[in-house]
Amino acid sequence: MKGPDVSWEQAARARAFDLVHRGTPGDVAFYRHVCAGAEAVLELGCGSGRILVELARAGLAVTGLDLDAARLERARAELQREGCTGARLVHGDMTRLALGERYDRVLIPYNALCALADDRAVLDCLRGAARHLRPGGSVWFDVYAVEDSLMDEPHGDAGDEEELELILSAVDAQGRVDVWEREHQHADPRRIDLIYRYELGGQAGEPTRAVDEIISHLLLPPVRLRALLAEAGLRIHQEYGDFDPAPLTEESPAFIVGAQREDA
Ligand SMILES: C[S@@+](CC[C@H](N)C(=O)[O-])C[C@H]1O[C@@H](n2cnc3c(N)ncnc32)[C@H](O)[C@@H]1O
C-alpha cells in the first residue's frame, strides 16, 4: 500500500499513541487463538498493526483497515520489516465497509468500537462486519467493561483548568517522548475525552516539539452492545471478561465477544 502523505504532526501523534497504547495483557495471544483455522482475517481499526502483524507472521492472509494514515504507515513499515508481503492495508472508515471480499474472522480489538461517534456508527460497523463474513465466520471484539449506571452522569474532572499530568517518558528509535494527559468532562455522559500533549525530542541537538491530540471514547456497556449486535443480525456465541479467558463478572476489566451471523 502506498498511503496518502503523512505530515510530521500526524506521524508524531501515531508514534506517541503507540507508546501509550500497548494493548491489554493476553490480547494478542487471544486473537491469534480465535483465528486458528481461519484463512482470511480482517482487522477493523488495526492502527499500527500491533495485532495484525502477529497474525500475518502466523501465516494468515490479513487485511487491516484504519482511518488514520499515519498509523497505517507504521503498520506498513512493520509488515515490510517482518517480510509479510501478502498483507493488505486499507485506508478507510469501518462504519462504511465495502471491501469486495469476505473473511473467516473480522476482528475489532482494543476498544476500537469506542472510537466511534455513537450507537448508530457502532451499528453500521457491526452490520458491515456481518456482511463481510464468510459462511461459518465470526466477529470478535473487546471493549472496556462499563456498567450501564455509569451513563447517568458526566465523567472526568470538571475543570478545563485541570493540569496535564505526565504519564509517560520514553525513548524510542527516534528519540525522547514525554506524554502528558488529562481527562476532560464531556457534556454527553456516554463519552470520556482524554487530552494529550506529546513532547518529542529529536535526534541530538534538535529542539523538542509539542503536538496535541484529543481521544474521545464512547462508553459501550454490555447491555447496549448485546442489543446492537442483535440489531446487526449477529448472535453472540462467546462472552468473556478477560483474556485468560475468564467469564464476564461485575469486576471484569473488559467485555470480549465472539459473534456469528444469525443466518449462519
Ligand atoms: C485503540 S486503537 C486500536 C488499534 C489496534 N487494533 C490495536 O489493537 O492496537 C483504535 C483504532 O481505531 C481507528 N479508528 C477509529 N475510528 C475509525 C473508523 N471510523 N474507521 C476505521 N478506523 C478507525 C483509530 O485510528 C485507531 O487506530
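Each residue of the sequence shown is one higher than the one before, starting from 1 at the first, in the numbering used here. Glycine included, each C-beta is placed from N, C-alpha and C at the ideal position.
- Inclusion of residue 49 and residue 64 in the CB contact set at 8 Å is warranted, their separation being smaller than that value.
- In this structure, the beta-carbon distance from residue 143 to residue 220 falls below 8 Å.
- In the DSSP assignment, residue 238 is bridged to 258.
- Residue 110 has its CB nearer than 7 Å to a heavy atom of ligand 1.
- Scanning its chain for C-beta atoms nearer than 8 Å, with the 5 sequence neighbours on each side dropped, one finds around residue 254 the residues 24, 142, 143, 144, 145, 240, 241, 242, 243, in chain order.
- By the neighbour-count definition (other C-beta atoms within 10 Å, threshold 16), residue 136 is an exposed residue.
- Counting only residues of its own chain and dropping the five nearest sequence neighbours on each side, residue 256 has a CB closer than 6 Å to the CB of 142, 240.
- Nearest C-alpha to residue 197 among 191, 236, 15, 139: 15.
- Taken in chain order, the complete beta strand (DSSP E) segments of 3 residues or longer contained in the stretch 84-164 are 88-91, 103-108, 133-144.
- Taken from the Cβ of residue 137, every heavy atom of ligand 1 lies 7 Å or farther away.
- Residue 106 counts as buried, since at least 16 other C-beta atoms from the protein chains shown sit within 10 angstroms of its C-beta.
- If you draw a straight line from the Cα of residue 129 to the Cα of residue 204, it is about 46 Å long.
- Here residue 169 is bridged, per DSSP, to 178.
- Nearest C-alpha to residue 39 among 47, 56, 30, 26: 56.
- Per the Cβ contact rule, the stretch 202-216 is not in contact with the stretch 22-37 (fewer than 3 Cβ pairs under 8 Å).
- For residue 61, the three-state secondary structure derived from DSSP is strand.
- Residue 262 counts as exposed, since fewer than 16 other C-beta atoms from the protein chains shown sit within 10 angstroms of its C-beta.
- Among the bridge pairs identified by DSSP, residue 209 is matched with 200.
- As a beta-bridge residue in DSSP terms, residue 66 pairs with 91.
- Residue 223: member of the alpha helix (DSSP H) spanning 222-231, first to last residue.
- Nearest in C-alpha terms to residue 102, of all of 109, 43, 95, 207, is 43.
- In this structure, ligand 1 has no non-hydrogen atom nearer than 7 Å to the beta-carbon of residue 13.
- When rounded, the separation of the alpha-carbon atoms in residue 194 and residue 139 is 28 Å.
- Rounded to whole angstroms, the separation of the alpha carbons of residue 176 and residue 227 is 44 Å.
- For the 8 Å CB-CB criterion, residue 134 and residue 104 form a contact.
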